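Reviewing the structure listed below.
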Amino acid sequence: MTISLRFIIAAGLILFLSRYATGQAMMRIPLKSTKTLWNKDDVTLTNVNDNTYFGQIMVGTPGQPFNVLFDTGSFDLWVPSLKWPKPGSKRYRSSASKTYKPNGKKAEVRYGTGSLKGFMSNDAVEIGGVRIKQQAFIEATEAPGRRIYERPWDGIFGLSGLSKSTITGACPIWRTMMDEGVVTKKVFSIWLPRYSDSAEDGGEIVFGGIDQEHFTGAHTYVDAEGLLNKFMKYSFYVGKVDTKVCSKGCKVVVDSGSTYIRGPPNLIVKINKQIRVTADCSNYDKLSEVISFTIAAKTFTLTPRHATWHAIHSSISYCLGLPDSRNR
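Below, the structure is given as structure tokens:
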């Protein structure tokens, strides 16, 4: 299936759209941005910029609230079941819902940062005040490897528009929303602003349209293909220096559930050599060369702050460039 993706990267703004048709109705869900602690290669990091964004949905009748990560890189909706082992977690109670329908099929999903196991169930789901009568989802029972337990959200809301999940065979919830006519304009957009200690507004996902206040300029359209909606990106410059990365084009994806720009180690090291951030952060505030790349014949730029990670652990501060994908 080929669809059309639209997104724009501007000052403090990332807007991602997936376009399937036209229409009018919109629903909005505010997103929360949080600084979180998490483990990567046994090193605990404190995110001092932006890490993860999540919003609330309701499952069941009456609705049971869950904070979920809206993820363009996956298919399925899952929330913790009563068997979920993480202390203090919200857990879905099927016995408390008048609209619950059992399924029982076993399910296992793998992500770049972990995996989970559980079983399928069906129930009503409310999103931004709009109700879906029946949606198949996973009641998660465990997450081998424990990385998912460390996240600040309760579950994941897969945003694939395919007719069925390649993992569980269930109809993804965004497809259900379109099929049930919950949205007449079959577009969703995500606004992810920069984190601020004083700002409570962590962003917004809009189903059925675009908030014109959250972007400037014109959208860039690019054809995407395959299960992950891959598209082509060309060249990677740091300042005026050509890193020779993606000179002939690289297939990439836009993933709202991922924190970073990632890539194979042999390519990422070429970019980091030109960014030249020092591990002790002594030159962090002096970095000035913008990072640029091309999509659909348009050049997008990132400031050094967007392309480096200033990490703080206890009283130690250190800086990292773009991460590679060797452990993903």
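Just so we're aligned: the sequence shown equals residues -23 to -1, 1 to 305 in mature numbering (1 follows the signal peptide of the UniProt record, and there is no 0).
Ideal placement from N, C-alpha and C gives every residue a C-beta, glycine not left out.
Bear in mind that the values here come from a model prediction, so they are computed numbers and not experimental data.
Compute the Euclidean distance between the alpha carbons of residue i and residue j, then round it to the nearest angstrom.
{"i": "K228", "j": "D200", "result": "12 angstroms"}
{"i": "E85", "j": "W151", "result": "20 angstroms"}
{"i": "S140", "j": "M4", "result": "22 angstroms"}
{"i": "M35", "j": "D100", "result": "10 angstroms"}
{"i": "Q72", "j": "Q111", "result": "This sequence places Ser at residue 72; Gln is not what is there. When rounded, the distance between both Cα atoms is 16 angstroms."}
{"i": "P79", "j": "T276", "result": "50 angstroms"}
{"i": "G105", "j": "E181", "result": "11 angstroms"}
{"i": "I109", "j": "W168", "result": "23 angstroms"}
{"i": "K82", "j": "T153", "result": "19 angstroms"}
{"i": "N220", "j": "I268", "result": "With the sequence shown as reference, residue 220 is identified as Thr, and Asn is not the correct amino acid for it. Between T220 and I268, the C-alpha separation is close to 10 angstroms."}
{"i": "W55", "j": "S233", "result": "17 angstroms"}
{"i": "T285", "j": "E157", "result": "43 angstroms"}
{"i": "G185", "j": "Y237", "result": "27 angstroms"}
{"i": "N249", "j": "Y88", "result": "25 angstroms"}
{"i": "V218", "j": "V231", "result": "25 angstroms"}
{"i": "G32", "j": "K263", "result": "36 angstroms"}
{"i": "R128", "j": "E119", "result": "14 angstroms"}
{"i": "L14", "j": "T29", "result": "Low local confidence applies: a pLDDT of 38 at L14 is under 50, so the model's placement there is unreliable, with the coordinate-based value given in what follows. Approximately 11 angstroms, taken between the alpha carbons."}
{"i": "P170", "j": "Q41", "result": "28 angstroms"}
{"i": "L205", "j": "L46", "result": "17 angstroms"}
{"i": "T(-22)", "j": "Y77", "result": "Here T(-22) scores only 35 on pLDDT, less than 50, and its place in the model should not be relied on; the value that follows carries that caveat. Roughly 35 angstroms separates the two Cα atoms."}
{"i": "R123", "j": "T161", "result": "39 angstroms"}
{"i": "T90", "j": "N44", "result": "18 angstroms"}
{"i": "T255", "j": "T280", "result": "16 angstroms"}
{"i": "Y261", "j": "Q251", "result": "14 angstroms"}
{"i": "D247", "j": "S235", "result": "The identity of residue 247 in the sequence shown is Lys, whereas the question assumes Asp. Computed Cα separation, rounded: 21 angstroms."}
For residue i, which residues from the same chain have a beta carbon less than 7 angstroms from its beta carbon, with the 5 sequence-adjacent residues on both sides left out?
{"i": "P57", "result": "S66, K67, R68, Y69, A117, D131, G132"}
{"i": "I125", "result": "G91, L93"}
{"i": "L8", "result": "Y30, F31, G32, G179, G180, E181, I182"}
{"i": "V107", "result": "M4, V159"}
What's the call for residue i, buried or exposed, on a 16-neighbour Cβ count within 10 Å?
{"i": "G240", "result": "buried"}
{"i": "R253", "result": "exposed"}
{"i": "T21", "result": "Unreliable placement is indicated for T21, whose pLDDT of 21 sits below 50; the coordinate value is still reported in the next sentence. Answer is exposed; the Cβ neighbour count stays below 16."}
{"i": "A147", "result": "buried"}
{"i": "G298", "result": "buried"}
{"i": "V159", "result": "buried"}
{"i": "R282", "result": "exposed"}
{"i": "E202", "result": "exposed"}
{"i": "K163", "result": "buried"}
{"i": "S(-6)", "result": "With a pLDDT of 44 at S(-6), under the threshold of 50, the modelled position of that residue is not reliable, and the figure given next carries that caveat. Buried, by the Cβ-count rule."}
{"i": "E190", "result": "exposed"}
{"i": "S142", "result": "buried"}
{"i": "G95", "result": "buried"}
{"i": "K60", "result": "exposed"}
{"i": "T145", "result": "buried"}
Excluding the 5 residues flanking residue i on each side, which residues of the same chain have their C-beta closer than 6 angstroms to its C-beta?
{"i": "A273", "result": "T197, V199"}
{"i": "S92", "result": "P121"}
{"i": "S74", "result": "G37, T38, D100"}
{"i": "T278", "result": "V267, S269"}
{"i": "Y214", "result": "S269"}
{"i": "G216", "result": "E266"}
Mapping DSSP to helix, strand and coil, what is residue i?
{"i": "W151", "result": "helix"}
{"i": "I182", "result": "strand"}
{"i": "K12", "result": "Per-residue confidence for K12 stands at a pLDDT of 49, beneath the threshold of 50, marking its modelled position as unreliable; the derived number appears in the next sentence. In the structure shown, K12 sits in coil (DSSP, three-state: anything other than H, G, I, E or B)."}
{"i": "A201", "result": "strand"}
{"i": "V218", "result": "strand"}
{"i": "residue 320", "result": "With the chain running from -23 to 305 in the structure shown, residue 320 is simply not present."}
{"i": "S142", "result": "coil"}
{"i": "S72", "result": "helix"}
{"i": "K163", "result": "coil"}
{"i": "V246", "result": "helix"}
{"i": "I252", "result": "helix"}
{"i": "L299", "result": "coil"}
{"i": "D156", "result": "helix"}
{"i": "K228", "result": "strand"}
{"i": "I104", "result": "strand"}
{"i": "R87", "result": "strand"}
{"i": "D262", "result": "helix"}
{"i": "R239", "result": "coil"}
{"i": "I125", "result": "helix"}
{"i": "A195", "result": "coil"}
{"i": "P42", "result": "strand"}
{"i": "W62", "result": "Note on residue identity: the sequence assigns Pro, not Trp, to residue 62. The answer is coil: DSSP assigns P62 none of H, G, I, E or B."}
Between residue i and the rest of its own chain, which residues show a CB-CB distance below 8 angstroms, the 5 nearest in sequence each way excluded?
{"i": "D188", "result": "R5, S166, W168, E181"}
{"i": "F114", "result": "V36, D53, L54, W55, V56, M97, S98, N99, D100, V102, A147, I150"}
{"i": "C223", "result": "K210, Y211, S212, F213, L244, F270"}
{"i": "K207", "result": "A201, K228, V229, V230"}
{"i": "G226", "result": "M209, K210, Y211"}
Taking only beta-carbon atoms, is residue i less than 8 angstroms away from chain B?
{"i": "G81", "result": "You won't find chain B in this structure, because it holds only one protein chain."}
Using a threshold of 7 angstroms, is the CB atom of residue i nearer than that to any non-hydrogen atom of the ligand SAH?
{"i": "H191", "result": "As for the ligand SAH, it is missing from this structure, which has no ligand bound."}
Item to check | the stretch 41 to 58 touching the stretch 136 to 145, judged by at least three CB pairs closer than 8 angstroms | outcome: yes
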